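Protein chains in written order, with UniProt numbering: chain A, 1 to 322; chain B, 1 to 527; chain C, 1 to 348.
Glycine residues also receive a C-beta, built at the ideal position from the N, C-alpha and C atoms.
This one's a predicted model, so the numbers in the text were calculated from it and none came from an experiment.
Structure follows, in structure tokens:
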């Protein structure tokens, strides 16, 4: 486990760098008070707001306060959701909507969408890739190639709109967006899953072609195993490492893709929160959302590493230290 | 194999069941472009803060769309006592959605809470020169005071949302997320990130009153506001029959609505306008004070062309407002689009020794303005075409906003900037417009409303000061004259008037609220 | 030469019923491929048969078509992409014309195959236990536990020590010899009648080679299985085969009982192979390697393919492809001068 501990340490440092960058960059682009109250607000109003938001303290003090809060799981208070602009002593609970609450409220929806998108894409991509590798140069192979190329090159935003027009507007099968029942997730998951679907299918296909030419496949055939088991267990498990690598990459892309897809479908996830925070110049929420996304990415990378060791018994966590 | 078929059948059945439940009976669905940051009472001063909140929270008075007069809402009657106080007589028997009475004490609490400078609510952008306080005269009578003379106290009262006193005092946090107003709909639920909804208030005072606002008594069981940032997503909602009304469609959506069945685009003038504020008498490049150079820039622009770029917009009539406004001057016309004349003016100025060397007019916009990139580029090109060099710049609010403030003019002096910006007339009266856009900025002015002006003219300031104290026809005429005065001096370029548009499902009629508010009371069945 | 024959008798120890009908016979098997360099004939008109309990050696250098032929028999090479003709009769039925599904049923059950590089032939990411037991579990419908028990039993049979504790081991944790034992256990799982061993010991060191060969002979004997032993090493065949087929460039050069093959090799290639064999009694003598290199399949010389390397070659050899001719009972060779060579060697 020392490897994992060290990795966690690196991740924490990475997060601190991200946080610091967002914090200072956010302050550098302008005075949040002017952004909030507009150009014509009076100096007294601005001064009052800065006081209430704690923006009059020295920047470094604000920064240490923020980082200190982070350590205790406190992401600060939204500038715009709730009533942070009011004097804190007016409220028993300190005033303002905690960013942590906002982020935690949105995170499950993003995870849900990403899980459905990736799960669906992965299942379909593996089947597509395997079929293509089992019948190379057949019409199935060509179909898989065309489909995966198309889904990799398509722009998610555009795909989302096309899906809405086709399935919600013309066919009326599914809602145009929103969140609620399980059918709400289908279209956004399709839009979000298209890219990983294509990428994973392509990688699966080529990795499977490699694996199917290996001696252990001939040996497995020779002992009389059914072909489906040879493909789905023997070859696929060995093709797993490139597939997991690309899936990890795609997961990171998925998080960025979620920002667009959530916006198109009005999906109440972290991406949507991030866009709103950006539009509202709500620095604490923006920081919190970016932090959440960065944490997701780091956790995903760690999971990918752990999956490697499962797929390739020769690599153990301790041996990867070198 | 059997189980697989069963599973498939169940899945299909589920899909079908899902589809049928999509259209929830008797829920009126409005697709709005943004999630509100909160649902606090102060937010009703501007529709964009929380579209639809006016159906839950009502003000004391509101402006009538046609007459431009204030009409009763929670106050049945009111009188101006003097230029610092306004007495309002409240409607009897009105209760908030929590059952507590809407009386003078509750109203005074709301007014002071909303306008409290320490609370620093964004409504402060429409604050008057003085601090607002409210005094209970009797159970149903409230007197509103301003610490400085404020002829627009009634306007400020039309912006003030009145909510439960009990909530403000005992559960202030809930005030921001679970509004308790008096409106025809009572707040039900806010599904963060998705929508908020309200249910019909069967005890609404408007059901029994004979002076109720709006076109009818709204009768939908429930109204839900769905947040969709993407205009195409909002468009899809009405195309799929999921929404009854879509707020702020794009002009292309309105064009498509013409060709599509099931809904139409309803447009009308809004209170928003786009202006080009060209640096003038404050820390400006002196060449911009030359009347010929200013006129050359004003006449260089094709206003029809700019309206086309914007889509839902029209050419203004030489002033920053609409004909319904007090002070609108019918005799004025938009600056002629005449590049030939502009070129001649530039040449004349040069012949008179005005040296344009080093002058570069910065056409600058803020990136949250619609179509700002195209707009800034087109304006820049038109000005260049008559021989005045420009550069174009689109900035974020964080960078742009400080540059609109007087302290920054000084820092950048001498400056030659044309700020292309959207502004809104909060009331159908030129008073605030003239004051905030043209009055010479006063660093000691606590309200700060004139701080974005670039114009300093003693005569104008005197006449404006007088006009602002007037009422009725006198006020109207005084402001008409001021508009003509400004028009001749080429102070600010009225670039375009923005239209307001809604996509409305067939079978419904929408009457525009007086001040851009979406009110269910203004939705009627058309057949 | 006698030493070798004796060695063979010592190892096999049992006798094959030579009058019994063959369990499998290959008749006129040809396998060709289309390659970017043109069509190649990897196996050309090969015929042989094997009886129950018999060990058949198939000898040849790499590229002689010995593996391709056997993989075709196993159904690992199929048409298309290969061009296959001839017959492989199993119990009188031509398995080449069977549908794929039916042929798959034959694998494991009727015939199994082990490979040269056992480590490569084992799946690196599945446990030994899984790999040995899976076919038993799937084909026999056995429970997971029963299949694992079966795996332990098989591992015991192939003498893998502390079998049960190694069920969860991965191939990379095993030595080459142990991997080959695992391969054998895997192949035996379905109790096949014919085991094809494709160069089973080539990749191993000498002492381990011996152990594996002994093991193969042992399981063959215990199960009354037929063994097809493919090798380029005549020594291996000499020790345990009953009969042998010598392949050269996709064709059969000679086939005979081991006794005949060693006493009266009638093809110049066989003779050369025998001379190249390290001898127990002449350890220090330099090995007499066969001059030249075997032809690539896409450039097979005209006439007799061995001609360029043959010390007996005559002009006739370039024009006329020698057919396989019977020289004696169970002894045939494909050389124009087979009789003469046979005469000569028998008088050595």
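Item, Value
"Evaluate residue 326 of chain C with the Cβ neighbour count: other Cβ atoms within 10 Å of its Cβ, from every protein chain shown; 16 or more gives buried, anything less gives exposed.", "exposed"
"Going along chain A, which residues have a C-beta under 7 Å from residue 182 of chain C?", "Under the 7 Å cutoff, chain A gives no residues; its nearest Cβ is about 11 Å from residue 182 of chain C."
"Would you say residue 94 of chain A reaches chain C, if we count a Cβ-Cβ gap shorter than 9 Å as a contact?", "For residue 94 of chain A, the predicted structure reports a pLDDT of 48, less than 50, and the residue's modelled location is therefore unreliable. A value from the coordinates is still provided. Chain C contact via Cβ: absent."
"Enumerate, from N- to C-terminal direction, the unbroken beta strand (DSSP E) stretches of 3 or more residues contained entirely within the segment 225-303 of chain C.", "226-231, 243-248, 251-257"
"Taking the beta carbon of residue 56 of chain A as the centre, do at least 16 other beta carbons fall within 10 Å, making it buried, or is it exposed?", "exposed"
"Determine whether the beta carbon atoms of residue 199 of chain C and residue 226 of chain C lie at a separation below 9 Å.", "no"
"Between the C-alpha atoms of residue 279 of chain A and residue 397 of chain B, what's the straight-line distance to the nearest angstrom?", "10 Å"
"With H, G and I counted as helix, E and B as strand and the rest as coil, what does DSSP make of residue 325 of chain B?", "coil"
"Could you have a look at residue 176 of chain A and say whether DSSP puts it in helix, strand or coil?", "coil"
"Just to confirm before moving on: does the CB-CB distance between residue 286 of chain A and residue 274 of chain A stay below 9 Å?", "yes"
"How big is the Cα-Cα spacing for residue 511 of chain B and residue 123 of chain B?", "26 Å"
"Is it the case that the Cβ atoms of residue 250 of chain A and residue 215 of chain A are separated by a distance below 9 Å?", "no"
"Is the number of C-beta pairs between the segment 249-266 of chain C and the segment 294-305 of chain C that are closer than 8 Å three or more?", "yes"
"If distances are taken between C-alpha atoms only, which option among B:496, B:179, B:297, B:503 comes closest to residue 262 of chain B?", "B:503"
"Thinking C-beta only, is residue 48 of chain C closer than 9 Å to residue 237 of chain C?", "no"
"Is it right to say residue 317 of chain B is buried, meaning 16 or more other beta carbons lie within 10 angstroms of its own, or is it exposed?", "buried"
"Please name the residue in A:139, A:235, A:133, A:252 whose C-alpha comes closest to that of residue 349 of chain A.", "Outside the shown range of chain A (1 to 322) lies residue 349 of chain A, about which nothing can therefore be said."
"In the DSSP assignment, the alpha helix (DSSP H) including residue 98 of chain C goes from what residue to what residue?", "Note, residue 98 of chain C: premise wrong, no alpha helix (DSSP H); not H, not E."
"For residue 16 of chain A, count neighbouring C-beta atoms within 10 Å of its own C-beta (all shown protein chains included) and say buried if the count is 16 or more, exposed if not.", "exposed"
"Roughly how many whole angstroms lie between the Cα atoms of residue 59 of chain C and residue 271 of chain C?", "13 Å"
"Between C:345, C:307, C:135, which lies nearest to residue 335 of chain C when the distance is taken from Cα to Cα?", "C:307"
"Could you name the residues of chain A that residue 112 of chain C contacts, counting a contact when the two beta carbons are closer than 8 Å?", "222, 223, 224"
"Could you run through the segment 227-252 of chain A and flag, in chain order, every residue whose CB is less than 8 Å away from some CB of chain C?", "227, 229, 233, 234, 237, 238, 240"
"With a threshold of 6 Å on Cβ separation, who are the neighbours of residue 419 of chain B within its own chain once the five nearest residues in sequence on each side are excluded?", "277, 364"
"From which residue to which residue does the alpha helix (DSSP H) around residue 179 of chain C run?", "176-188"
"Please report whether the beta-carbon of residue 311 of chain A lies at a distance below 9 Å from any beta-carbon of chain C.", "yes"
"Please list the segments of the beta strand (DSSP E) lying wholly inside the segment 77-159 of chain C, counting only runs of 3 or more residues, in order along the chain.", "83-90, 111-114"
"When the Cα of residue 250 of chain B is compared with those of B:235, B:258, B:117, B:259, which residue comes out closest?", "B:235"
"Listed in chain order, which residues of the segment 163-191 of chain C have Cβ atoms closer than 8 Å to some Cβ of chain A?", "170, 172, 183, 186, 187, 189, 190"
"Consider the Cβ of residue 319 of chain A: report whether some Cβ of chain C lies at a distance smaller than 9 Å.", "Here the model assigns residue 319 of chain A a pLDDT of 43, short of 50, so the residue's position is not dependable and the matter cannot be decided."
"Please report how far the alpha carbon of residue 302 of chain C lies from the alpha carbon of residue 29 of chain C, in whole angstroms.", "20 Å"
"Short of 8 Å in beta carbon distance, which residues of its chain neighbour residue 33 of chain C, apart from the five on each side in sequence? Order them along the chain.", "39, 40, 42, 81, 82, 83"
"Is DSSP giving residue 78 of chain B helix, strand or coil here?", "strand"
"How many Å lie between residue 20 of chain A and residue 237 of chain A at the Cα?", "41 Å"
"With 9 Å as the C-beta to C-beta threshold (strictly closer), list the residues of the segment 271-302 of chain A near chain B in chain order.", "272, 273, 275, 276, 279, 280, 281, 282"
"Touching or not, the segment 183-203 of chain A and the segment 83-93 of chain C, by the rule of three or more beta carbon pairs under 8 Å?", "no"
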